[in-house]
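In what follows, a single structure is set out as structure tokens and then discussed.
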Amino acid sequence: MPNDTVPPESPPRAVCPTCRAADWYRVSRLDHGVTHIDEHHIDPFYRCNIWHVRGRDRDLMVDSGMGVVSLCEQVPWLREREVLAVASHAHFDHVGNHHEFDHRACHPAEAHILAEPRGDWNLADRFAVVEMFNALPPGGYRQADYRVQPAPSTQLVEAGDVIDLGDRVFEVLHVPGHSPGSIALWEAASGVLLSGDAVYDGPLVDDAYHSDIPTYLETMARLSALPVTVVHGGHFASFGRARFQEVIREYLDGRRRPGCPSEAG
Ligand SMILES: [Zn+2]
Ligand SMILES: [Zn+2]
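Residue numbers (this note's numbering): 534 to 798.
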């Protein structure tokens, strides 16, 4: 095919290959009984981390990916034991497979989005673009056809609530700012923080329609006191306490400029 009409500096985007369903999810076992699952054919900025924690009496899963490939079909051991599927918040990239789980928890401030996952509410209209894929899911992908399935919560969780797995206990922290119903799960005994999109080691998003910067600043100031040992965020790689403090400091410094109208109290 002649390519002399195409400027050399802007070659056409290569056609995305299609990925087999069996290759969609990548699973790695980490310390503290935590397993990391992700959709590695999605660009890192959009690629949600799925966190699974093994407990004695039941398991915990935080977030479930965007739902273009069945999580339970491809990672069937997830449903071999009772598992509570928690939504760190209701954005499409975090809750797309929640409908496959019987026990689902989220914060009341975003329960309506899980029950009625409108694309303008869960950011799919803005972000669920084909350009996010390095390889397409089986059958291809069209943003216009993409839908998150309704997955109404079976349990609402708020700040101070405890999620008990039998031999380990996670406290629910309400960490609004990125979104009003953002929660993080904190295991004081191990120092593990499952932080969702409130804190991760990459560009933080505080300009979604329901983001609130003054609230985000308060959340960050509060989180900075947590004696974390490892932070497993909603996106990008996990990190330790020093980087946690740094990410928070960078956010606070960036948003608390003198004269900035979003200056918190
Ligand atoms: Zn989000
Ligand atoms: Zn996200």
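Every residue, glycine too, gets a C-beta built ideally from N, C-alpha and C. Treat the numbers as computed from the prediction; the structure is a model and nothing was measured.
At which residues does the beta strand (DSSP E) containing residue i begin and terminate?
{"i": "F697", "result": "Here the sequence assigns Asp to residue 697, which means Phe is not the residue at that position. Note, D697: beta strand (DSSP E), V695 to D697."}
{"i": "R562", "result": "Y558 to R562"}
{"i": "G766", "result": "V763 to G766"}
{"i": "F666", "result": "F666 -> no beta strand (DSSP E), and no H or E assigned at all."}
{"i": "A758", "result": "Per DSSP, A758 belongs to no beta strand (DSSP E) and is neither H nor E."}
{"i": "E720", "result": "I716 to E720"}
Rank the options by C-alpha distance to the C-alpha of residue i and give the top, closest one.
{"i": "P685", "options": "V708, G699 and H636", "result": "H636"}
{"i": "D576", "options": "V616, M665, A657 and E643", "result": "M665"}
{"i": "A623", "options": "R675, L750, V695 and L689", "result": "L689"}
{"i": "L617", "options": "R591, A717, R553 and V560", "result": "R591"}
{"i": "D658", "options": "A775, P550, S757 and V681", "result": "V681"}
{"i": "A717", "options": "H707, P650 and V601", "result": "H707"}
{"i": "A775", "options": "P760, L785 and D786", "result": "P760"}
{"i": "T762", "options": "P609, H573, S728 and S603", "result": "S728"}
{"i": "Y558", "options": "H569, H565, D564 and C549", "result": "H569"}
{"i": "V820", "options": "D697, Q676, L611 and W610", "result": "The structure shown does not extend to residue 820, since the chain spans only 534 to 798, so no value can be given for it."}
{"i": "G588", "options": "D653, L604, A668 and G566", "result": "G566"}
{"i": "I696", "options": "E572, P609, V560 and V586", "result": "V586"}
{"i": "V764", "options": "G600, D564 and C549", "result": "D564"}
{"i": "Y733", "options": "L756, S723 and P650", "result": "L756"}
{"i": "V619", "options": "N667, D678 and H632", "result": "H632"}
{"i": "H573", "options": "D653, G598 and A758", "result": "G598"}
{"i": "W654", "options": "G714, A722 and Y784", "result": "G714"}
{"i": "D596", "options": "A638, Y679 and D739", "result": "A638"}
{"i": "W584", "options": "V560, Y679 and R614", "result": "V560"}
Just to check, is the beta-carbon of residue i closer than 6 Å to a non-hydrogen atom of ligand 3?
{"i": "D626", "result": "Of the ligands one can find in the structure shown, namely ligand 1 and ligand 2, none is ligand 3."}
With a 10 Å radius around its C-beta and 16 neighbouring C-beta atoms as the bar for buried, classify residue i as buried or exposed.
{"i": "E720", "result": "buried"}
{"i": "N630", "result": "buried"}
{"i": "D537", "result": "Below a pLDDT of 50, predicted positions are generally treated as unreliable, and D537, at 48, falls in that range; the measurement from the model is reported next regardless. Exposed: under 16 other Cβ atoms inside 10 Å."}
{"i": "G699", "result": "exposed"}
{"i": "H773", "result": "Position check: residue 773 holds Gly in this sequence, whereas His was assumed. That one is exposed."}
{"i": "R562", "result": "exposed"}
{"i": "M534", "result": "Since pLDDT at M534 reaches only 41, below the 50 mark, its modelled position is unreliable, and the value read off the structure follows with that caveat. Exposed, because fewer than 16 other Cβ atoms sit within 10 Å of the Cβ of M534."}
{"i": "E643", "result": "buried"}
{"i": "T752", "result": "buried"}
{"i": "E691", "result": "exposed"}
{"i": "T687", "result": "exposed"}
{"i": "E779", "result": "exposed"}
{"i": "P544", "result": "Low confidence applies to P544: its pLDDT is 49, below 50, so where it sits in the model is not reliable, and the reading given next is rough at best. Exposed is the call here."}
{"i": "D786", "result": "exposed"}
{"i": "P709", "result": "buried"}
Across which residues does DSSP place residue i in a beta bridge pair?
{"i": "Q688", "result": "A638"}
{"i": "G673", "result": "Answer by DSSP bridge pairing: none, since G673 is not bridged."}
{"i": "G600", "result": "Paired residues: none, contrary to the question."}
{"i": "N582", "result": "D571"}
{"i": "E704", "result": "V695 and W719"}
{"i": "T551", "result": "L669"}
{"i": "D592", "result": "V616"}
Over the uninterrupted alpha helix (DSSP H) stretch that includes residue i, give me the two end residues.
{"i": "A775", "result": "R774 to R788"}
{"i": "L647", "result": "A644 to A648"}
{"i": "V725", "result": "First-last for V725: V725 to G729, but that is the beta strand (DSSP E), not the alpha helix (DSSP H)."}
{"i": "D658", "result": "A657 to F660"}
{"i": "F769", "result": "Counting along the chain, F769 falls outside any alpha helix (DSSP H), and DSSP gives it neither H nor E."}
{"i": "V628", "result": "F625 to V628"}
Original post:
Can at least three beta-carbon pairs, one atom from the segment 548 to 557 and one from the segment 744 to 752, be found at a separation below 8 Å?
Top reply: Under the Cβ criterion (8 Å, minimum of three pairs), the segment 548 to 557 does not count as touching the segment 744 to 752.
Original post:
Can you find at least 3 beta carbon pairs, one from the segment 563 to 581 and one from the segment 762 to 777, that sit closer than 8 Å?
Top reply: yes
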